[in-house]
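First the structure, in the form of structure tokens, and then the observations on it.
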Amino acid sequence: MAEAATPDRTAEALRLPHGFRWGAATAAFQVEGSTREGGRGESIWDVFTRTPGLVIDGSNAEVAADSYRRYRDDVALLAGLGADDYRFSISWPRVQPGGTGPANEAGLAYYDRLVDELLAAGIAPVPTLYHWDLPQELEAAGGWLNRDTAYRLAEYAGLVVDRLGDRVARWITLNEPAMTTLQGYALGSQAPGHALMMGALSTAHHQLLAHGLAVAAIRSRGDAEVGITNNHTLMVPATDAAADRFAAGAFDLIYNRIFADPVLTGAYPDLSGFGLEAMPGLEDGDLELIGAPTDFYGINFYNPTRVAAASDGSEFAAAGLPFEPVEFDGVPTTGFDWPIMPETFTELLVSFARDYGDRLPPVVITENGASFPDEVVSEAAGAAAEAGGGAARAVHDERRIGYLDDHITAVRRAIDQGVDVQGYYLWSLLDNFEWAEGYTQRFGLVHVDFETGERTPKDSYAWYRDRIADSR
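Terminal number for the sequence shown in the numbering used here: 472, no gaps in between.
Rendered as structure tokens:
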């Protein structure tokens, strides 16, 4: 296994509260493969990947990291890290192929095996019930534009919890509803590929309603902990000009607050600035369900967003929106060209504690990580190579190690300022199918050869293993 390329780490960066939980995360569609096996139905992402021009490299997830077949290998990698938790997702079309009706036994049996393998390795399973793979039959009936989809997700949640709830102590209802709304329904850059702009807002409400209904379904079946995962970004005005500061506030409302406020306060923010008297799709009783207290709040963070007033001729201005994301100047970036500014992670976490106070439950960082153009190199494997034993495979990803070190330190600094952060799940355990980017972006601690399925732990794997050990 690779030696860690460890940057200087101070005692300050290592201190974390007793009981802090470490883990790694994946998502079913991105890693499982075997999309036609075990009675699995079709999802919106299967359809999206078959549409020419929508995935940058023309690839699909029919094999991906092949975790459906190689889950034991992946659990062994988690055990080698010393991970406390594994955040993975349940494939809705694998469990309920058309999104309605009885459960598919073969699908549930796969997750039975995965959960049992994790527990045998001393790792707690933390399943996400919905990580973007909506059954295509539900999309044909309107998808998240259709209120009924929320009730179908709650029904599916009940099927999963009935099967796995005796061994799973913590559940996540939905992953990043903001991205489904903004990328999937507003801009069309992700599945299902609709470009409705502000016409997509009802999908935000229907997803949050699904969260509330799923919380009720889980709690009716036992005393497991439950929460939601939202992707959040710190909005940074492009300049001190009033128009840019207003734009940043407006984008913060659409990107962050519409998804956090109802869960944490039981109310939507004021949408009158967008010409709306109420959230589209809202009905009596919905907010009581959505705002039911949760046991934790999952935050995914990758980067801040710089925001300017919408420029003339932009798609945002054409849609009547006052904001437009713009690039930062002179800031290092990841392989995705995302700005690397770890201090903004601390600022975001502190702002949540300040703005929501005692309504904010304990926070778990459910995703944080970075893609870089990693390369596998062959290196002499010590005495074995000298004796004719060949070379070892290695991936030297110092930039990822630096990103992770800085962002974990940012979490610690937020804790020092009073934010109750109780865990950190790195994205991702494995290189995977990166949605519309196909296989062009690698986030993993472990390199995956997508031709052979071979797994090669990167230097960051050894670094994270040591970081977990040092914190205990």
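No residue lacks a Cβ here, since even glycine has one placed at the ideal position from N, Cα and C.
In the DSSP assignment, what are the bridge partners of I228?
Y297
Q) Closest to G266 by CA distance: which of H211, G298, D374, T128 is it? A) H211
- request: Within the region 237 to 279, note down every full beta strand (DSSP E) run reaching 3 residues or more, in order along the chain.
  value: Listed in chain order, the beta strand (DSSP E) runs fully inside the region 237 to 279 amount to none, counting runs of at least 3 residues.
Cβ-based burial, T51 [other Cβ within 10 Å; buried from 16]: With fewer than 16 other CB atoms across the displayed protein chains lying within 10 angstroms of its CB, T51 is exposed.
Since N432 and T26 should fall inside the 8 Å C-beta cutoff, what is the C-beta to C-beta distance between them, to a whole number of angstroms?
7 Å
**Item:** Cβ-Cβ separation, P322 to A250 (assumed contact under 8 Å), whole Å
**Value:** 5 Å
- Task: Indicate whether the contact test is met: 3 or more Cβ pairs, each with one atom in the region 257 to 276 and one in the region 189 to 197, closer than 8 Å.
- Result: no
Margin query: Please report the straight-line C-alpha distance between E324 and A309, rounded to a whole angstrom.
Written below: Approximately 6 Å between the Cα atoms of the pair.
task: Note down, one range per segment and in chain order, each beta strand (DSSP E) of at least 3 residues found wholly within the region 375 to 437.
output: Within the region 375 to 437, the complete beta strand (DSSP E) segments at least 3 residues long are 377 to 380, 391 to 394, 421 to 427, listed from N- to C-terminus.
Tell me the rounded alpha-carbon separation between E105 and A83. 29 Å
State the DSSP-derived secondary structure class of Y130, mapped to helix, strand or coil.
-> strand
### Task
From the DSSP output, read off the bridge partner residues of G23.
BP columns for G23 point to D85, Y425.
| Proximity to L164 [Cα-Cα], best of E277, R113, Y464, F352 | R113
Quiz item: Is it true that the CB of G369 sits closer than 9 Å to the CB of A302?
Solution: For the sequence presented, residue 302 should be read as Tyr rather than Ala. Yes. Within cutoff.
Might you give, ordered along the chain, the residues of its own chain that have their beta carbon closer than 6 Å to the beta carbon of L426, omitting 5 neighbours on each side? A24, G369
field: Minimum length 4: unbroken alpha helix (DSSP H) runs contained in the region 88 to 176
entry: 92 to 95, 105 to 120, 136 to 140, 148 to 164
request  = Go through the region 441 to 472 residue by residue and report every complete run of the beta strand (DSSP E) that reaches 3 residues or more, in order.
outcome  = 446 to 448, 455 to 457
Q | G298 beta carbon less than 9 Å from that of T203 | A | Against a cut-off of 9 Å, the Cβ pair of G298 and T203 comes out as no contact.
query = Are the region 392 to 406 and the region 417 to 425 touching by the rule of at least three beta carbon pairs closer than 8 Å?
reply = Because the criterion of three Cβ pairs below 8 Å is not met, the region 392 to 406 and the region 417 to 425 do not touch.
Endpoints, alpha helix (DSSP H) assigned at F323: That residue, F323, is in no alpha helix (DSSP H); its beta strand (DSSP E) goes 323 to 326.
_Outcome for L276 when other beta-carbon atoms lying within 10 angstroms are tallied against a minimum of 16_ = exposed
Span separating the alpha-carbon of E137 from that of S89: 20 Å
query: Going by Cα to Cα distance, which pick from D252, T149, V161 is closest to V226?
result: V161
Item to complete: Rounded to whole angstroms, what's the CA-CA distance from T456 to D73? Just pull it up for me.
Response: 11 Å
message = Between the alpha carbons of T149 and G143, how many angstroms are there, rounded?
response = One C-alpha to the other measures close to 6 Å.
Quick check on S43: does DSSP put it in helix, strand or coil? It is a strand residue.
* From T344 to A109, what does the alpha carbon distance come to, in whole angstroms? -> 42 Å
TODO: Could you tell me how far apart the beta carbons of G33 and V63 are, in whole angstroms, since I believe they sit closer than 8 Å?
DONE: 4 Å
- Cβ pair N175, Y111 closer than 9 Å: no
Secondary structure of T49, DSSP reduced to three states: helix
ask   = Which residue from D358, V350, L429, R359 puts its Cα closest to that of A414?
value = With distances taken between CA atoms, A414 lies nearest to V350 out of D358, V350, L429, R359.
As a quick exercise: from A141, R257, D240, R152, pick the residue whose alpha carbon is nearest that of P177. R257
*Could you check if T239 is buried or exposed, using at least 16 other CB atoms within 10 Å of its CB as the buried criterion?*
A residue is called buried once 16 or more other Cβ atoms fall within 10 Å of its Cβ, and T239, having fewer, is exposed.
Report task. Find out if the Cβ-Cβ distance for the pair S471, L445 is shorter than 9 Å. Result -> no
- Message: The alpha helix (DSSP H) that contains V363, what's its start and end?
- Response: V363 -> not in any alpha helix (DSSP H); beta strand (DSSP E) instead, spanning 363 to 367.
* With distances taken between CB atoms, is the gap from F48 to A436 smaller than 9 Å? -> yes
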